[in-house]
Amino acid sequence: MTAGASGIVLALLVLTPALALVGQAPVKPKVVTKAVTKAKPRPDPQDRCLVELVKAERQGVKTTPTAGINNFYLGGNVHLQCRGRNIHMYADSVASYGGNVIQFISQGNRVRYRDSTTALDSDAGTYFKDGERFEAQGNAVHQDLKNGSTIKGTQINYYRPLKGVRPDLEVIAYNRPTVTYAVKDSTGKAQAPYIIIGNLVRAVGSDAIYAGGAVTIDREDIKGAADSLWLDTGKKQGGQLIGKASLRSQLNQGFLLTGGSIDIGLKQKELSSLKGRNPGRLVNSDVTLDGDSVQIELKYRQVDLTKSWGKKQRPTAVSSTYRILGDSLLIDSPNQRLAMVRAYGNAWAGTGKDSSSTSRDWIAGEVVIARFIARDSAGVKKSTIRELEAEFQARSFYQMAPEKGQTKGSVNYTRANKILVTMRVTADSTNVDRIDAHGNVDGVHLQPAIAKRDTTKRADSTAAKLPAKRP
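Listed below in structure tokens is the structure:
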């Protein structure tokens, strides 16, 4: 083989098992007859790669280790191409074994694979006829030319689309590769990418990513972790973190969502919803919420609405000053500021430092609504309850503030169709201001006992009086 030779076919035709020169008579394949129990999908022969030499700067060597098996060795800025296809492979030197395996070796320049959808670079590479795959080893970098995403790792296997086998490209990366998953908004403008790391990563087409083994997913202010992950930004517009899942946001006051798994909802590749399940927990600066499932709706990456359901774990919202529970909870928090909590089904809300105890102030009913206001305390804005409302079999138990001259306040227990408790909010305290009840009202109002004067004690008339001191 002479320097600069072209037109040499590297024998990856379905019926040509060995490397051959163009014009050389192909080896006639042996016909083997055997029973076939189940038909397997076969690749379209028209889509198989017939590798041919485009360029080699040094003379090649041909060896025949066994009859009918030819090996070729080429060197010097080698360029191979799949005949008639936009599929190119480059290396400093190449070794082809029996036409089934082609090894690419780097001696300074990177090994490169290029087609219409993929750019793959590495220190070394191997092309396999079976499966039409390219294995990149050593500092491998795969770039999806369609969406701009990249995968970096020590070994990346690339499977090009092949009729009759797989409709989309597939990429499998090993040994904790790093995925930089590109994101664009509706106008096509590039946004901050997702960074995904796992023990093993598999990409299918330009939209689907699967990762397994101590997976992490990060994006600007968002950090997630789980045992495994799948993400589909195409038709499914969703994903899932599976096994010891967590997702933390540092935007604004931030939040932490945890669960046995977390469902991910997307809209134009942007996070639109998250759902922690089996069970779920949401923690932020205002409340800790537990339930069988906890779902949050996001707007501009901030929590806008939170929903929770549960039978094993009744949804329960807890802060330092209140506790609210029911069969289901809805929390409104526009701009990630707590505005309202609605509890449905045997709902209960308690206030005070020990709000888990029924000896504290509480309100209950089939529906309980707590409305909040931001209170400025020592220059820090904190959410505090402004109103509590109960409907349908409503009950309330409240201890009123002591009146002037009293050490204890009155106790009020009320039943009605609807009860509204209005709070008096100051910079450092929140107390009951008034209670309004409507429809079938009854209850008990207890006043504290007034201490009686002890008439059995008399003044000591024998006590000596000291003279007044002169100035």
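Residue numbers (our numbering): 1 to 471.
The beta-carbon is built from N, C-alpha and C at its ideal position, and this holds for glycine as well.
Given the structure is predicted, the values throughout are model-derived calculations rather than measurements.
Reduced DSSP category for residue i - H, G, I as helix; E, B as strand; rest coil
i, result
"Pro-279", "strand"
"Gln-336", "helix"
"Asp-472", "The structure shown has nothing for residue 472, since the chain only spans 1 to 471."
"Asp-286", "coil"
"Asp-292", "strand"
"Asp-185", "coil"
"Asp-123", "coil"
"Thr-33", "Confidence at Thr-33 is low in this model, with a pLDDT of 45, below 50, so its placement is unreliable and no value can be given for it."
"Asp-376", "strand"
"Asp-92", "strand"
"Asp-304", "strand"
"Asp-433", "strand"
"Asp-327", "coil"
"Asp-47", "helix"
"Glu-389", "strand"
"Thr-117", "coil"
"Val-411", "strand"
"Glu-403", "coil"
"Leu-256", "strand"
"Val-441", "coil"
"Ser-319", "coil"
"Ser-106", "coil"
"Pro-448", "coil"
"Glu-57", "coil"
"Asn-100", "coil"
"Gly-243", "strand"
Assigned exposure category for residue i - 16 Cβ within 10 Å defines buried
i, result
"Val-432", "buried"
"Thr-306", "buried"
"Gln-268", "exposed"
"Pro-26", "Only weak support exists for where Pro-26 lies, its pLDDT of 39 falling under 50; the coordinates are left without a value."
"Val-444", "exposed"
"Lys-446", "It should be noted that the sequence gives Leu, not Lys, for residue 446. Result: exposed."
"Arg-434", "exposed"
"Thr-258", "buried"
"Asp-121", "buried"
"His-142", "buried"
"Ser-249", "buried"
"Glu-57", "exposed"
"Asp-489", "The question about residue 489 has no answer here: the residues shown for the chain are numbered 1 through 471."
"Lys-189", "exposed"
"Pro-118", "Here residue 118 is Thr; the residue named in the question, Pro, does not match the sequence. When all chains shown are included, Thr-118 counts as buried."
"Thr-316", "buried"
"Lys-28", "Note that Lys-28 scores a pLDDT of 40, beneath 50, so its modelled location is shaky; the value from the coordinates is reported in the next line. Its Cβ having fewer than 16 others within 10 Å, Lys-28 is exposed."
"Arg-314", "buried"
"Ala-427", "exposed"
"Leu-145", "exposed"
"Lys-275", "buried"
"Asn-412", "buried"
Residue from the options with nearest C-alpha to residue i
i, options, result
"Tyr-398", "Thr-384, Phe-392, Arg-415", "Arg-415"
"Ser-293", "Val-444, Val-78, Ser-261, Lys-129", "Ser-261"
"Asp-304", "Leu-271, Gly-326, Thr-321", "Leu-271"
"Tyr-344", "Thr-351, Ile-331, Ser-228", "Ile-331"
"Ser-246", "Asp-232, Ile-264, Gly-238", "Ile-264"
"Gly-439", "Leu-420, Gly-60, Ala-347, Ser-96", "Leu-420"
"Asn-71", "Gly-60, Ile-151, Phe-134, Ile-217", "Gly-60"
"Arg-386", "Asp-123, Glu-57, Tyr-322", "Tyr-322"
"Pro-402", "Ile-373, Ile-363, Glu-389, Pro-448", "Pro-448"
"Thr-233", "Tyr-181, Val-411, Lys-223, Ile-151", "Tyr-181"
"Arg-160", "Thr-150, Gln-137, Glu-132", "Glu-132"
"Ile-102", "Glu-220, Thr-422, Val-318, Met-89", "Met-89"
"Ile-363", "Ala-347, Ile-373, Phe-372, Asp-376", "Ala-347"
"Glu-391", "Trp-230, Met-400, Ile-242, Ala-370", "Ala-370"
"Asp-123", "Leu-53, Lys-236, Ser-93", "Ser-93"
"Gly-365", "Asn-417, Asn-100, Lys-236, Ala-226", "Asn-417"
"Val-54", "Gln-137, Thr-126, Leu-74", "Leu-74"
"Thr-66", "Ile-87, Tyr-97, Leu-80, Cys-49", "Tyr-97"
"Arg-395", "Arg-342, Asp-442, Leu-325", "Asp-442"
"Ile-242", "Lys-235, Tyr-413, Gly-224", "Gly-224"
"Ile-197", "Val-179, Gly-108, Pro-279", "Val-179"
"Gln-107", "Gly-76, Ala-140, Asp-227, Ser-383", "Gly-76"
"Cys-49", "Thr-64, Gly-68, Leu-80, Asn-139", "Leu-80"
key: Validate contact between the segment 389-407 and the segment 309-318 using beta carbons, cut 8 angstroms, 3 pairs   = no
task = Would you check if there are 3 or more beta carbon pairs closer than 8 angstroms linking the segment 284-304 to the segment 328-342?
result = yes
Ranges of the beta strand (DSSP E) found wholly within the segment 202-241, counting only runs of at least 3 = 208-219, 222-232
message = Threshold first: 3 residues or longer. Then list the beta strand (DSSP E) segments lying entirely within the segment 148-182, N to C.
response = 150-159, 170-174
ask   = Would you say the segment 189-200 touches the segment 153-170, given that touching needs at least three Cβ pairs under 8 angstroms?
value = no
ask   = Does the segment 243-259 touch the segment 278-287, meaning 3 or more C-beta pairs lie closer than 8 angstroms?
value = yes
request  = Please determine if the segment 199-218 and the segment 172-182 are in contact, where contact requires at least 3 C-beta pairs separated by less than 8 angstroms.
outcome  = yes
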